[in-house]
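Only one structure is covered here, and it is reproduced in the block below.
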Amino acid sequence: MQLAELPWPRVQKLDRNTPVVIPVAALEQHGHHLPVFTDSLLLGEVVRRVSERFQETALFAPLTWLGNSHHHLDFTGTLSAEPRVYLDLLRGLASQFIGFGFKRIVFLNGHGGNIVPGKQAIFELRQEHRDRQDLLLLFATYWETAAVPDDGMFQQRDMGHACEWETSMILRLAPQLVGDYKSAVDLASEGEFKATPRAWTTKDRTSVGHIGLPRLATAEKGERLFATFAAGVETLLNDVRNWSGKTW
């Protein structure tokens, strides 16, 4: 069910154990070859595919396109919410659904920069409602819901930025929006300190805006990725629907 298409009395009649999905993405630079709306376009397609499988069993809010993208602000065209403002926006959205009586809320994320504030938002909400045992608050990033098959089709094993994965998916979804990705240089995602967290801005890591291997992208790979991630989100939402409320 799409919240945007329902009159309020129908929303009022919904079972309050119905999973509520709040898609969140971004508008930010994606190198020289992809549009600034890439994250929102990709998440929108994942949501479109998944929502068709939950037409009467989950409620999908409209996609929130403004994200936490301050690390991309050195690149013209990026729009970003202040990190604390963004965190409070997410808290507010979830709080309003909680106020309506809904108990199972899933933020479905399509942008890496939203992960830290998103996790903090649901953590703070849980503390605010610490006496309630019937609330399920999740923050899920779509490309983390399922493993990409390790069968030799993909050289990248993790999400980059305007990379083999994202470029492939945009080639599948909107090829007319893709520029010269085949001439893009390879830019490794791993830095000198590897897994150790390090403060950074995007220009520290790339002068052109992409990170990864966009030259390897194909529309066929894009369809494989969309199918994989949509299946992962579907599994997650079925788990949310079937949550017993009794175990961690």
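Read left to right, the sequence shown gives residues 4 to 251 (our numbering). Glycine included, each C-beta is placed from N, C-alpha and C at the ideal position.
Alpha-carbon to alpha-carbon, residue j and residue i
{"i": "F232", "j": "G212", "result": "24 Å"}
{"i": "V188", "j": "L219", "result": "11 Å"}
{"i": "Q15", "j": "N112", "result": "26 Å"}
{"i": "N71", "j": "V27", "result": "10 Å"}
{"i": "K197", "j": "A191", "result": "11 Å"}
{"i": "V278", "j": "P65", "result": "There is no way to answer for residue 278, as the model of the chain reaches only from 4 to 251."}
{"i": "D134", "j": "R94", "result": "18 Å"}
{"i": "L76", "j": "L96", "result": "25 Å"}
{"i": "T204", "j": "H74", "result": "5 Å"}
{"i": "G248", "j": "R208", "result": "43 Å"}
{"i": "E195", "j": "R201", "result": "10 Å"}
{"i": "S83", "j": "W11", "result": "31 Å"}
{"i": "Q130", "j": "D154", "result": "42 Å"}
{"i": "T79", "j": "L9", "result": "37 Å"}
{"i": "D242", "j": "T67", "result": "24 Å"}
Residue from the options whose Cα sits closest to the Cα of residue i
{"i": "G115", "options": "L46, S210, A187", "result": "L46"}
{"i": "I118", "options": "D137, F103, W146, L138", "result": "W146"}
{"i": "T250", "options": "T144, L141, T205, Q136", "result": "Q136"}
{"i": "S186", "options": "D161, T205, P217, R208", "result": "P217"}
{"i": "R87", "options": "E127, F40, A202", "result": "E127"}
{"i": "E237", "options": "F40, F63, G34", "result": "F63"}
{"i": "G102", "options": "H132, V39, Q58, A150", "result": "H132"}
{"i": "F157", "options": "E226, T67, L17, E195", "result": "E226"}
{"i": "L69", "options": "R56, D42, A150, R51", "result": "D42"}
{"i": "S98", "options": "L17, E193, I25, D242", "result": "I25"}
{"i": "G34", "options": "T199, G163, E193", "result": "G163"}
{"i": "A150", "options": "A230, L9, G104", "result": "A230"}
Neighbourhood of residue i by C-beta, 7 Å cutoff - its chain only, sequence neighbours within 5 removed
{"i": "R244", "result": "P22, T60"}
{"i": "K122", "result": "F142"}
{"i": "L90", "result": "P120, Q123, A124"}
{"i": "L92", "result": "A84"}
{"i": "G104", "result": "R19"}
{"i": "R56", "result": "E237"}
CB-CB length for residue i against residue j, believed under 8 Å
{"i": "G235", "j": "E167", "result": "Not quite, the Cβ-Cβ distance comes to about 18 Å (not below 8 Å), so this is no contact."}
{"i": "L174", "j": "L44", "result": "Rounded, the Cβ-Cβ distance is 12 Å, inconsistent with contact."}
{"i": "K106", "j": "R19", "result": "6 Å"}
{"i": "A222", "j": "P178", "result": "7 Å"}
{"i": "V53", "j": "L240", "result": "7 Å"}
Close-in-space but distant-in-sequence residues of the same chain around residue i (CB under 6 Å, 5 per side omitted)
{"i": "K224", "result": "S171"}
{"i": "L139", "result": "R107, W246"}
{"i": "L141", "result": "V109"}
{"i": "F100", "result": "V23, I108"}
{"i": "K206", "result": "D77"}
{"i": "S210", "result": "none"}
Contacting residues, own chain, Cβ-Cβ under 8 Å from residue i (five flanking each side not counted)
{"i": "H36", "result": "A165, T170, V181, G182, D183, Y184, A187, H213, P217"}
{"i": "T81", "result": "L30, E31, Q32, V39, S72, H75"}
{"i": "Q58", "result": "M4"}
{"i": "L6", "result": "V14, L62, F63, A64, P65"}
{"i": "T148", "result": "F232, G235, V236, T238, L239"}
Notebook entry, point to check: Quick one: complete beta strand (DSSP E) runs, 3+ long, within the region 41-90?
Noted result: none
Notebook entry, point to check: What are the complete alpha helix (DSSP H) segments, minimum 4 residues, inside the region 104-139?
Noted result: 118-131
Next item on the list: Please list the segments of the beta strand (DSSP E) lying wholly inside the region 4-47, counting only runs of 3 or more residues, in order along the chain.
Entry: 23-27
Next item on the list: Could you name each continuous alpha helix (DSSP H) segment of 4 residues or more that falls completely within the region 141-186, going from the start of the chain to the end?
Entry: 167-176
Next item on the list: Could you pull out every unbroken alpha helix (DSSP H) segment of at least 4 residues lying fully inside the region 184-215, listed in chain order?
Entry: 205-208
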